[in-house]
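As structure tokens, the structure follows; a few thoughts come after it.
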Amino acid sequence: MDKQPSYLELLQTGELERRVLRLEALLARCTVCPRDCLNNRLENELAACYSGRLAVVSSFTPHFGEEPALVGTGGAGNIFFGNCNLRCVYCQNYQISQTHKEQVKNEVTHERLAEMMLELQERGCHNINFVSPTHFAPQMARAVLLAARRGLKLPIVYNTNAYDSVEVLRLLEGIVDVYLPDLKYAEDEAGYLYSKVRGYTEYARRAICEMYRQMGDELVTGEDGLLKRGLVIRLLVLPNDLAGVRESLEWIRESLGPRVAVSLMAQYYATNRAGTDERYIMLSRRITESEWLRALSMLDELGMEEGWMQEYDGAAHYYRPDFTDREEPFKDIRDFNRARDQV
Ligand code: SF4
Numbered sequence: 001m002d003k004q005p006s007y008l009e010l011l012q013t014g015e016l017e018r019r020v021l022r023l024e025a026l027l028a029r030c031t032v033c034p035r036d037c038l039n040n041r042l043e044n045e046l047a048a049c050y051s052g053r054l055a056v057v058s059s060f061t062p063h064f065g066e067e068p069a070l071v072g073t074g075g076a077g078n079i080f081f082g083n084c085n086l087r088c089v090y091c092q093n094y095q096i097s098q099t100h101k102e103q104v105k106n107e108v109t110h111e112r113l114a115e116m117m118l119e120l121q122e123r124g125c126h127n128i129n130f131v132s133p134t135h136f137a138p139q140m141a142r143a144v145l146l147a148a149r150r151g152l153k154l155p156i157v158y159n160t161n162a163y164d165s166v167e168v169l170r171l172l173e174g175i176v177d178v179y180l181p182d183l184k185y186a187e188d189e190a191g192y193l194y195s196k197v198r199g200y201t202e203y204a205r206r207a208i209c210e211m212y213r214q215m216g217d218e219l220v221t222g223e224d225g226l227l228k229r230g231l232v233i234r235l236l237v238l239p240n241d242l243a244g245v246r247e248s249l250e251w252i253r254e255s256l257g258p259r260v261a262v263s264l265m266a267q268y269y270a271t272n273r274a275g276t277d278e279r280y281i282m283l284s285r286r287i288t289e290s291e292w293l294r295a296l297s298m299l300d301e302l303g304m305e306e307g308w309m310q311e312y313d314g315a316a317h318y319y320r321p322d323f324t325d326r327e328e329p330f331k332d333i334r335d336f337n338r339a340r341d342q343v
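Mapped onto this note's numbering, the consecutive letters of the sequence shown carry residue numbers 1 to 343.
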């Protein structure tokens, strides 16, 4: 029988509630992410992420565009948070992440957020996949507590841009079952130019080291073959090598090891300001097939052993919130390595 999610053990001992209270205390002078805005979100003072006391949920639905180990037959149970602590000029979900005035109408109580989780469980989803949870980590934890009391038993996936506070991640230990961080850039300058945030690479690497401390490199799967616990690092290949994929892969290999799962993504397309603003001309097109093949060859060259890669053709539509196609968008890196060894 599968081991139950560890938040249920924390629930039994009372530790889950203590953690939630400590996370919520961070909202009074907000240090929930590395921006450290110090605004009082409990009084709905807004700062860089335009988010106050309550979570904003733009939609929640079974989703089939994630990695296969999260999707299965019932889909990942995605909960798309509105607003964001980054301002990526190419954000593929900018309609929900960068429209805070419209998102106010999507504020939900903690109880409603817990109900959404239970509804996704009822609909047969295999996990609860919180998309862009960083700025709502305390509200997310509170909702996990409420839902766990009412019978939630699915793994919690923390699907993040990785601009996360290490202190918050420590408080999430045992609440989150699967960390799914992006590692967007290998240089802070790129983070500042394209996501409007300082020190992205340094903070993201620190955050991923903390996730690794909690999870190690083992992917724990259940009897259904789906992911129950672990760390998967996503790398979105950007045009003109702006993401620094080689440097990020080298860092992962050297700092964490070749068995850490990575997910190499080809789905970039020019949208939001990247599609219209001349300052971002380097981001104004899809990646070419040769850029994609170069990124794939790095996986091979660096001997990365675990994870997934998208198919180049058609990848651009896989991550949209309304993606419901059941066609498999990812290949397993181990199959890729086996095919290579047979050549
Ligand atoms: S979560 Fe929002 S308010 Fe808090 S520090 Fe980050 S950007 Fe600022």
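No residue lacks a Cβ here, since even glycine has one placed at the ideal position from N, Cα and C. Just so you know, these numbers come straight off a predicted model, no measurement behind them.
Check	Outcome
Residue 206 to residue 166 span [Cα, whole Å]	7 angstroms
Segments of 3+ residues assigned as beta strand (DSSP E) that fall wholly inside the stretch 243 to 272	261 to 265
Local conformation of residue 101 per DSSP, three classes	helix
Neighbouring residues (CB closer than 5 angstroms to any heavy atom of ligand 1)	30, 32, 33, 35, 37, 47, 48, 49, 85 and 135
Cβ neighbour criterion (16 or more within 10 Å) applied to residue 233	buried
Close beta carbons around residue 199, own chain, < 8 angstroms, minus the five adjacent residues each side	34, 188 and 191
Per DSSP, the bridge partner or partners of residue 157	129 and 178
Pairwise C-alpha distance: residue 72 and residue 320	With a pLDDT of 44 at residue 320, under the threshold of 50, the predicted position of this residue should be treated as unreliable, though the coordinate-derived value follows. Roughly 18 angstroms separates the two Cα atoms.
Option nearest residue 125 by Cα separation, candidates 303, 152 and 18	152
Whether residue 172 touches residue 143 by CB criterion (8 angstroms)	no
Own chain residues within Cβ distance below 7 angstroms of residue 331, not counting five before or after	308, 309 and 311
CA nearest to the CA of residue 50, picked from 154, 60 and 39	39
For residue 73, three-class secondary structure by DSSP	coil
Cβ-Cβ distance between residue 258 and residue 298 below 8 angstroms	no
Neighbour-count burial assignment, residue 88, 16 or more Cβ in a 10 Å radius	buried
Where the alpha helix (DSSP H) through residue 348 begins and ends	This structure gives no information on residue 348, because the portion of the chain shown stretches from 1 to 343.
Cβ neighbours of residue 132 in the same chain (closer than 6 angstroms, five flanking residues each side left out)	81 and 84
Span separating the alpha-carbon of residue 2 from that of residue 208	26 angstroms
Touching by the beta-carbon criterion (3+ pairs, under 8 angstroms), the stretch 240 to 247 and the stretch 208 to 225	no
Supposed close pair residue 230, residue 6 - CB separation, criterion 8 angstroms	Not quite, the Cβ-Cβ distance comes to about 13 angstroms (not below 8 angstroms), so this is no contact.
Continuous beta strand (DSSP E) stretch holding residue 232: start and end	227 to 236
Under the three-state DSSP convention, the category residue 310 falls into	strand
Distance between beta carbons of residue 262 and residue 252, contact taken as under 8 angstroms	6 angstroms
Enclosing alpha helix (DSSP H) for residue 190 [first to last residue]	188 to 195
Test item: CB-CB of residue 156 and residue 79 under 8 angstroms	no
CB contact flag (residue 137, residue 178, <8 angstroms)	no
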